[in-house]
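**Q** Quick note: the sequence shown uses the UniProt record's numbering, first residue 1, plus one each step.
Before anything else, here's the structure in question.
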Amino acid sequence: MSAETTQDPKPIRLVFELARADHPRLYDDLIRFHKGTKRVNRLRVLAYDGLLAQSGVIAGMGRGLPHQPSGSGAQEGSGDVTNDIFAPAIDG
Numbered sequence: 001m002s003a004e005t006t007q008d009p010k011p012i013r014l015v016f017e018l019a020r021a022d023h024p025r026l027y028d029d030l031i032r033f034h035k036g037t038k039r040v041n042r043l044r045v046l047a048y049d050g051l052l053a054q055s056g057v058i059a060g061m062g063r064g065l066p067h068q069p070s071g072s073g074a075q076e077g078s079g080d081v082t083n084d085i086f087a088p089a090i091d092g
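As structure tokens, this is what we get:
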């Protein structure tokens, strides 16, 4: 192994400015916390969750594809009725 791969990676330090006009939802979420550790930790959690969602590890909970009920009418003895019970809720 090379010396570069055995060393611990250096931490990344970020300093940035976020205006509400750029990302209102993100701004409103982060402004709830005073400057400091809590705000930084919240941003860290949001960034990590976004990374997981982007890579497909987690899906937008409750925001997946709309439920498509079984096309054929449910017949007695088939699993269609039971399967539809456990399907995502239909948002009206």
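All residues carry an ideal CB built from backbone N, CA and C; glycine is no exception.
Classify ALA21 as helix, strand or coil using the three-state DSSP reduction.
**A** coil
**Q** Can you tell me whether GLN13 is helix, strand or coil according to DSSP?
**A** A quick correction: the sequence has Arg, not Gln, at residue 13. Note: ARG13 maps to coil in three-state DSSP.
**Q** Return the Cβ separation of ARG39 and LEU30 in integer angstroms, given the expectation that the two are a contact with Cβ distance under 8 angstroms.
**A** 6 angstroms
**Q** At the level of alpha carbons, what is the spacing between ARG25 and ALA19?
**A** 11 angstroms
**Q** If you check the beta carbons only, do PHE33 and ARG44 fall under 8 angstroms apart?
**A** no
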